[in-house]
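Asks: Before we start, here is the structure in question, set down as structure tokens.
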Amino acid sequence: MRAHLVIADIGGYTRFMNAHRFALSHAQQTIADLLTAVIDGARPMFKVAKLEGDAAFLYAVESDTAAASDRVQKQIFQIRQAFLVKQQRLLADNICTCEPCSAIGELKLKFAAHHGEFAMQKVKRYRELAGPDVILVHRMLKNEVPSSEYVLMTDSVLPHLNDEVRGAIRSLEQSFEGFGQVTTHYLDFTQLPPPVLPALQPSRVRQWVATLTRTCRALPAVLRLSDPKVGQPPHRHV
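Residue numbers in the sequence shown follow my numbering, run continuously in steps of one, and reach 602 at the last position.
Structure representation (structure tokens):
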């Protein structure tokens, strides 16, 4: 089957790998909240193929996306908007001073996008996407894009962009293991006008409710009833 393959990857938490358990539980909760926003923003076009640590691997079968040619672009922008709105909400509600909570505003969202083929592979009760194009879109996360907020695309994605965005992209020849030199194109979000976000007024009630909720959700990790793994490299195709 042919599909649009997109990975939405949250960056910025690796340096907190060695934080103590309470801080790690907060990092885990923040990533979970932001990934939920990413998944909600991906609807109705994209389905979740897999959650990979601090990233969401999304796909949209070609037969399901025969609408406007720039639909992929619009959905990616919608995902980014949902991420930024949720990030702003977390910042407004946060009064915790632990390292991960203090760095919520430093988190960035980047995308790798490709259009290609995949096969649905089943191992026991698990199903996942497989094939060279699936591997390529994962390899694209390790790149030379000079920005921390961007969407990196292959030639196959260009027909799904409108003229305005096409005029803002930059091309980049990159070498990916197993694929050799690949012509890629990136859109640097930091070079675009900032998105319009809803104005949020801090509320003491919301802040204390959010703090209480985070504390309760953190208890299993603090009491060693669970083992948070935020900051560990996610399992991805190599």
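Yeah, the Cβ is synthetic: ideal placement off N, Cα and C, and Gly gets one too.
Since the structure is predicted, the reported quantities are computational estimates derived from the model, not experimental observations.
Taking the beta carbon of residue 503 as the centre, do at least 16 other beta carbons fall within 10 Å, making it buried, or is it exposed?
Replies: Around the beta-carbon of residue 503, 16 or more other beta-carbon atoms lie within 10 Å, marking it buried.
Asks: Go ahead and pull the three-state DSSP assignment for residue 389.
Replies: In the structure shown, residue 389 sits in a helix (DSSP, three-state: H, G or I).
Asks: Tell me which residues share the same chain as residue 562 and place their Cβ nearer than 7 Å to its Cβ, disregarding the 5 neighbours each side in the sequence.
Replies: 449, listed in sequence order.
Asks: Let's see if you can read the secondary structure: which residues bound the alpha helix (DSSP H) around residue 443?
Replies: 435-457
Asks: List the residues that DSSP assigns as beta-bridge partners of residue 552.
Replies: 514
Asks: Check whether the Cβ atoms of residue 425 and residue 365 sit closer than 8 Å, and answer yes or no.
Replies: yes
Asks: Figure out for me which residue from 392, 409, 405, 423 has the closest Cα to the Cα of residue 417.
Replies: 392
Asks: Looking at the strands, I want to know which residues DSSP matches up with residue 561.
Replies: Answer is none; residue 561 lacks a bridge partner.
Asks: Identify every residue that forms a DSSP beta bridge with residue 484.
Replies: 493
Asks: My output table needs one value for residue 418: the three-state DSSP class, helix, strand or coil.
Replies: coil
Asks: From residue 462 to residue 387, what does the alpha carbon distance come to, in whole angstroms?
Replies: 6 Å
Asks: My guess is that residue 565 and residue 457 are in contact by the Cβ rule of under 8 Å, so how many angstroms apart are they, rounded?
Replies: Wrong, their Cβ atoms sit about 11 Å apart, outside the cutoff.
Asks: Check the DSSP bridge columns for residue 369 and list the partner residues they point to.
Replies: 423, 478
Asks: Have a look at the DSSP bridge pairing and note the partners of residue 540.
Replies: 544
Asks: Inspect the beta-carbon positions of residue 480 and residue 551 and report whether they are closer than 8 Å.
Replies: no
Asks: Reducing DSSP to helix, strand and coil, say where residue 509 ends up.
Replies: coil
Asks: Quick check: what's the CA-CA separation for residue 419 versus residue 395?
Replies: The C-alpha of residue 395 is placed about 9 Å away from the C-alpha of residue 419.
Asks: Determine the burial state of residue 555: buried for a count of at least 16 other Cβ atoms within 10 Å of its Cβ, exposed for fewer.
Replies: Classification of residue 555: exposed, given that the 10 Å Cβ count is below 16.
Asks: Suppose contacts are defined by Cβ-Cβ distances below 8 Å. Is residue 443 in contact with residue 367 by that definition?
Replies: no
Asks: Could you tell me which of 542, 539, 500 sits nearest to residue 520, measuring between CA atoms?
Replies: 500
Asks: If we ignore side chains and look at the alpha-carbon of each, how far apart do residue 518 and residue 437 end up?
Replies: 13 Å
Asks: When you compare each of 467, 496, 513 to residue 541 by their alpha carbons, which one comes out closest?
Replies: 496
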